[in-house]
Amino acid sequence: MNILETIEGALRAVAYPEKPEGLYEPISYTLALGGKRIRPTLTLLAYQLYKDDVETALPAALAIETYHNHTLLHDDLMDHAAVRRGQPTVHRKWDANTAILSGDTMLIMSMRHALRQKCSDQGAWLDLLTRTMQEICEGQQMDMNFEQRTDVSEEEYIEMIRLKTSVLLACSLEAGALCAGASAEDRRTLYRFGEALGLAFQLQDDWLDCYGDPAVFGKRIGGDILCGKKTYLLISAFRRANRAQYGELLRLLSLPAKQGEERIAGVLKVYDELGVSDLARQRIAAYTDEALHLLDSLPVSVERKQPLRALAEKMLRREK
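Using numbering that gives the first Met the number 0, the first residue of the sequence shown is number 0, and each one after it goes up by one.
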């Protein structure tokens, strides 16, 4: 079975009402934009650790992917982003009000998928999903709060990306195990595996934004620097900088947009002086090792774990 094709087919098979006009079309548009479908794939691979009839866990996978795209739709609106996966964002193609209302409807559709999931412990499944949704909102608020601060600690940043990125990967994995009737201990191990996987994945994204190959990474290097985003590298630089370097970082980050190239080059120069690239790579390696160790510790055959391990390694060794 090709899990990705199964997910794409299930997404296409969802029947949305035709009326009222303008409400459901943006939802279909958003879900048709594609993407790697990492989260629903994790759900089905986690289910497949224990059982072969992966279609049984499709409602949970659809709930998670629909919710994930709901967050992207609202994130694009909040960030005033013009493009998502090479196409106009919903608020650009339609308008902001449509993005809000259709995004809210996506959240409701996600819960409807969740309610269709047959699970031996329905309460645990719904608690896992709704708790994750709440935590992602908490992480988003933390990220917004960080925009006005230069004193964000590494610990605060790690907690923020755990909430914004890791918990949904962890939820995806535990959901699959829960649908398959796995033990509470196995579910906890898979959840922790997802947390470590997400932390390594997001820290790698931070690093690639500064040091990746643009031709491979697929976007301009230094985008996070241009928008002054608090990343692990910038936070580490602020924490390790002497007075002169600290002042230089503040000066560079205050440069106008037309001096974007100077800002990027200057900030990267300070990063190199402080060795923050190596620090980031060390943290990425640590979380990668933790994630793979947790997966290896799961009391399931190596053959059963191989597809999940292959996906994790692909995520953690990526260049884009």
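Note that beta-carbon positions come from the ideal geometry of N, C-alpha and C, so glycine has one too.
Bear in mind that the values here come from a model prediction, so they are computed numbers and not experimental data.
**Q.** Val275 classed as buried or exposed, judged by whether at least 16 other C-beta atoms fall within 10 angstroms
**A.** As a working note, residue 275 is residue 276 in the sequence shown. It counts as buried.
Q) For Arg83, which of helix, strand or coil comes out of DSSP? A) Counted from its first residue, the sequence shown places residue 83 at position 84. It is a strand residue.
**Q.** Residue environment, His90, which counts as buried when at least 16 other CB atoms sit within 10 Å
**A.** Residue 90 sits at position 91 when you count from the first residue of the sequence shown. His90 comes out buried.
Q) In the structure shown, what three-state DSSP assignment does Met0 receive? A) The residue given as residue 0 occupies position 1 in the sequence shown. If DSSP states are grouped into helix, strand and coil, Met0 belongs with coil.
**Q.** Own chain residues within Cβ distance below 8 Å of Ala98, not counting five before or after
**A.** By 1-based counting over the sequence shown, the position of residue 98 is 99. Contacts found: Pro25, Leu72, His73, Asp75, Leu76, Thr88, Val89 and His90.
**Q.** For Leu196 and Ala176, believed in contact at Cβ under 8 Å, the rounded distance
**A.** Translated into the one-based positions of the sequence shown, residue 176 becomes position 177. Translated into the one-based positions of the sequence shown, residue 196 becomes position 197. With a Cβ gap of about 15 Å, Ala176 and Leu196 do not count as contacting.
**Q.** Meets three-Cβ-pair contact criterion under 8 Å: the region 53-68 and the region 165-184
**A.** yes
Q: Just list the beta strand (DSSP E) runs in the region 90-124, keeping only unbroken ones of 3 residues or longer that don't cross its boundaries, in chain order.
A: none
Q.
Using 7 Å as the threshold, is the C-beta distance between Ile283 and Gln203 below it?
A. For the purposes of this step, residue 283 is taken as the residue at position 284 of the sequence shown. For the purposes of this step, residue 203 is taken as the residue at position 204 of the sequence shown. Contact flag set, yes.
Q: State whether the region 164-173 contacts the region 34-42, with contact taken as three or more CB pairs (one from each stretch) at a distance under 8 Å.
A: yes
Q: Taking only the alpha-carbon atoms, compute the straight-line gap between Tyr23 and Ala179 and give it to the nearest angstrom.
A: Position 24 of the sequence shown holds residue 23. Position 180 of the sequence shown holds residue 179. Each residue's Cα considered, the two are about 32 Å apart.
Q) When we look at the beta-carbon of Val82 and count the other beta-carbons within 10 Å, is it buried (16 or more) or exposed? A) For this step, residue 82 is matched to residue 83 along the sequence shown. Exposed, by the Cβ-count rule.
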